[in-house]
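Trainee: Residue numbers (the numbering used here), protein chains in the order written: chain A, 4 to 288; chain B, 4 to 288. Glycine residues also receive a C-beta, built at the ideal position from the N, C-alpha and C atoms. From a predicted model like this one, the values you see are computed outputs, not experimental measurements.
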DNA sequence: TCGTCTTACGAGAAGCGTAAGAATT
DNA sequence: AATTCTTACGCTTCTCGTAAGACGA
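#1: Buried or exposed: which applies to residue 277/A, given that a residue is buried once 16 or more other Cβ atoms fall within 10 Å of its Cβ?
#2: Confirm, please, whether the CB-CB distance from residue 99/A to residue 147/A is below 7 Å.
#3: When you compare the CB of residue 265/A with every CB in chain B, is at least one pair closer than 7 Å?
#4: Locate the alpha helix (DSSP H) running through residue 60/B, then write down its first and last residues.
#5: Are the stretch 205 to 217 of chain B and the stretch 244 to 255 of chain B touching, with three or more C-beta to C-beta distances below 8 Å?
#6: Could you compute how far the alpha carbon of residue 275/B sits from the alpha carbon of residue 221/B?
#7: Shorter than 7 Å from the beta carbon of residue 11/A to some beta carbon of chain B?
#8: Using only the alpha-carbon positions, how far apart do residue 97/A and residue 173/B sit?
#9: Quick one: what does DSSP say residue 282/B is sitting in, helix, strand or coil?
#10: What in chain A is Cβ-close to residue 46/B, meaning under 9 Å?
#11: Comparing alpha-carbon positions, which option in 180/B, 216/B and 179/B lies nearest residue 194/B?
#12: Relative to the alpha-carbon of residue 251/B, which residue among 161/B, 88/B, 145/B and 177/B has its alpha-carbon at the smallest distance?
#13: Alpha carbon to alpha carbon, how far is residue 58/B from residue 154/B? Give it in angstroms, no decimals.
#14: Measuring CB atoms only, is the stretch 16 to 23 of chain B touching the stretch 59 to 67 of chain A, in the sense that at least three cross pairs come out at less than 8 Å?
#15: Helix, strand or coil for residue 127/A, going by three-state DSSP, please let me know.
#16: Here's a check: name, in chain order, each residue in its chain whose Cβ is nearer than 8 Å to the Cβ of residue 159/B, leaving out the five neighbours to either side.
#17: Which one of 8/A, 46/A and 48/A has the shortest CA to CA distance from residue 36/A?
#18: List the residues that DSSP assigns as beta-bridge partners of residue 264/A.
#19: Check whether the Cβ of residue 232/B lies closer than 7 Å to any Cβ atom in chain A.
#20: For my contact list, residue 143/A and residue 95/A are in at a C-beta cut-off of 8 Å; report their separation, rounded to the angstrom.
#21: List the endpoints of the continuous alpha helix (DSSP H) containing residue 55/B.
#22: Under 8 Å, with one C-beta from each stretch per pair, do the stretch 74 to 93 of chain A and the stretch 110 to 129 of chain A reach the 3-pair mark?
#23: Mapping the DSSP letters down to three states, classify residue 248/A as helix, strand or coil.
#24: Here's the rule I'm using: 16 or more other beta-carbon atoms within 10 Å means buried, otherwise exposed. How should residue 233/A be labelled?
#25: Using 8 Å for Cβ pairs, my map puts residue 285/B next to residue 34/B. What's the rounded Cβ distance?
#26: Could you check which residue in 28/A, 88/A and 152/A has the C-alpha nearest to that of residue 169/A?
#27: Who are the Cβ neighbours of residue 77/A in its own chain at under 8 Å, not counting the five residues just before and after it?
#28: For residue 269/A, which of helix, strand or coil comes out of DSSP?
Right, dumping it as structure tokens:
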């Protein structure tokens, strides 16, 4: 239905209050009440329980759909506007944590020499957000990093027709605490480390490890940020192991190369122009 | 924006005419003209060229988004209604071609004995449509078949939060023409057959083969249907090779088991009831 | 000149805000 | 009694249909 109603519903569910949602969205409480009533009438089932305001079962389910749905709508708008827009001389490159490695950085430098009139802004973003920023039109290009089998594509969130090209692959290393018995070894295998405790961090998601290398990988400390220094300190202090791209952690045992750190460049429709030139330079295919 | 405008745009683009679209949708030409104008004003760019009526570049791009977008909207509606609906005693099982093999059929039979009050309709559908039917609410359960590496999940079209469970895996065989030199062999490898001509049919998509086993696999005759008898006849007459699940083509050389025929059961939210019971019986996890 | 899309204008419907009412704490 | 959601009602805005206009073939 009307995306505005969905947005209102999300806001009410998030704030747990009709009046607060109305204030945030610039409506009156009455309008919000009517909008929710419209949604519920359309679906033929209540989405929110009142007093206290909380989503019902059906409402929970509707909420799960809401985010991806609104994103797709924004993505469609952004994508079309991009096709129609004149070639711009400023562009934003969204980069997730660990996504901008030495190879890409070097290519970016060379490309900027070749394209002197192009102003590039690199925008840091959380893990998994780069693709969403590109889809939503807030960035022209995005760099997404992840762990994958060599030359396998990453699993990107589905946000519409984005093009993804491999931009960089480098070996993974296992960050180990100081004095760990395996620290001296040249090549480690994941199989030797399934029973260890692993840091939970967006930089090296445990679920991804389990997907790629089987169960195990017990969870250690949970760190929700993406600061590399913090991660290496936590590992050194023994809070858990983690995988890092080799260039980010020199002098650490390499992981036997069944898995690599892979970076992909994602973008939507790119009309010929500086943006397309930069994309070609960053991810030579 | 408004899904109705998108639907109108799709219709106009498909029919190449404002008046024809108006007739089909029950609007006047004027209304269609205004709706298209609204869409174009919203995006700030023309979507259709007039005389003749055909999509512009931006319009083409918008069309690519339109189908998935409307599907997701329908999926959200259907999913929520399913959660809220009372447990039903009739349900539809959508089955793509080659999806309902002997193991699933046997489980279905046993389940129907255990659930005598449940009326099941098996609805045949084109390859790749089963997931869409389930997402759109036209079927409660869906069976999707495809070629995959053993115990690897299939790649399903993204249509929202569907649950997929492996239901059956069986060996693949290579269907060869009569008197083919390799027909006597017990086990074949795909690598031996990359240079052969392969039937293009939805039952065994060439792109999927190339994805899984490298380039090659030259295209032979294109058959757009999914009739098994037709396929075997075409193969026998030498129009090209194809892969089939072993149970569908007895007495044919087995493919060395790097790839299997895999069937998955997909469904949306299933409140406790007969539908959930049947799902559990069809895909024991 | 005919067919087709666009624009102008009036009627109806839909949505929002104000304000009063109901329900829960 | 106070807070919060719902409902009633008037007003504005939007959308559709009719009808006239513009543009090509």
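Mentor: To lay it out plainly:
#1: Position 274 of the first chain, counted from the first residue, corresponds to residue 277/A. Sixteen is the threshold: when 16 or more other Cβ atoms of the shown chains lie within 10 Å of the Cβ of residue 277/A, as they do, the residue is buried.
#2: Working through the first chain from its first residue, we reach residue 147/A at position 144. Working through the first chain from its first residue, we reach residue 99/A at position 96. A Cβ-Cβ contact shorter than 7 Å links residue 147/A with residue 99/A.
#3: Locating residue 265/A in the first chain gives position 262, counting from the first residue. By this cut-off, residue 265/A is not an interface position.
#4: Residue 60/B sits at position 57 when you count from the first residue of the second chain. Counting along the chain, the alpha helix (DSSP H) containing residue 60/B begins and ends at 60 to 87.
#5: Because the criterion of three Cβ pairs below 8 Å is met, the stretch 205 to 217 of chain B and the stretch 244 to 255 of chain B touch.
#6: Along the second chain, read from residue 1 onward, the residue named residue 275/B stands at position 272. Along the second chain, read from residue 1 onward, the residue named residue 221/B stands at position 218. Spanning the alpha carbons of residue 275/B and residue 221/B requires a straight line of approximately 48 Å.
#7: Sequence index remark: in the first chain, residue 11/A carries index 8 (1-based). At a cut-off of 7 Å, the C-beta of residue 11/A has no neighbouring C-beta in chain B.
#8: Sequence index remark: in the first chain, residue 97/A carries index 94 (1-based). Sequence index remark: in the second chain, residue 173/B carries index 170 (1-based). The straight-line gap from Cα to Cα measures roughly 44 Å.
#9: Your numbering for residue 282/B matches position 279 in the second chain. Here residue 282/B sits in helix by DSSP.
#10: Walking along the second chain from the start, residue 46/B turns up at place 43. Correct list: 80, 83, 84 and 87.
#11: Here residue 194/B refers to the residue found at position 191 when the second chain is read from its first residue. Nearest option by C-alpha distance: 216/B.
#12: Here residue 251/B refers to the residue found at position 248 of the second chain. For residue 251/B, the nearest C-alpha among the options comes from 177/B.
#13: Here the question's residue 154/B lines up with position 151 in the second chain. Here the question's residue 58/B lines up with position 55 in the second chain. Taking the CA atoms as reference points, residue 154/B sits about 43 Å from residue 58/B.
#14: Of all C-beta pairs linking the stretch 16 to 23 of chain B to the stretch 59 to 67 of chain A, fewer than three are shorter than 8 Å, placing the two stretches out of contact.
#15: In the first chain, residue 127/A corresponds to position 124, counting from 1. Of the three classes helix, strand and coil, the one that applies to residue 127/A here is strand, per DSSP.
#16: As a first step, residue 159/B must be located in the second chain, where it is residue number 156. Counting only Cβ-Cβ distances below 8 Å, and skipping sequence neighbours, we find 134, 147, 165, 167, 267 and 269.
#17: Taking the first residue of the first chain as 1, we reach residue 36/A at position 33. Nearest C-alpha to residue 36/A among 8/A, 46/A and 48/A: 8/A.
#18: Counting from one through the first chain, the residue named residue 264/A turns up at place 261. The bridge partners DSSP lists for residue 264/A are 150/A and 173/A.
#19: Counted from its first residue, the second chain places residue 232/B at position 229. No, no contact with chain A.
#20: On the first chain, position 140 is the one that residue 143/A refers to. On the first chain, position 92 is the one that residue 95/A refers to. Rounded, the Cβ-Cβ distance is 6 Å, consistent with contact.
#21: Position 52 of the second chain, counted from the start, is the residue given in the question as residue 55/B. DSSP places residue 55/B outside any alpha helix (DSSP H), giving it a letter other than H or E.
#22: Verdict: yes, contact present.
#23: Your numbering for residue 248/A matches position 245 in the first chain. In the three-state scheme derived from DSSP, where H, G and I count as helix and E and B as strand, residue 248/A is classed as strand.
#24: Taking the first chain and counting its residues from 1, the one referred to as residue 233/A is at position 230. In summary, residue 233/A is exposed, with fewer than 16 beta-carbon neighbours lying within 10 Å of its beta-carbon over all protein chains present.
#25: In the second chain, counting from the first residue as 1, residue 285/B sits at position 282. In the second chain, counting from the first residue as 1, residue 34/B sits at position 31. That belief does not hold up - the Cβ atoms of residue 285/B and residue 34/B are roughly 46 Å apart, past 8 Å.
#26: Your numbering for residue 169/A matches position 166 in the first chain. Sorting 28/A, 88/A and 152/A by C-alpha distance to the C-alpha of residue 169/A places 152/A at the top.
#27: Within the first chain, numbered from 1, the residue matching residue 77/A stands at position 74. Result list for residue 77/A: 138, 139 and 140, in chain order.
#28: Position 266 of the first chain, counted from the start, is the residue given in the question as residue 269/A. Correct three-state label for residue 269/A: strand.
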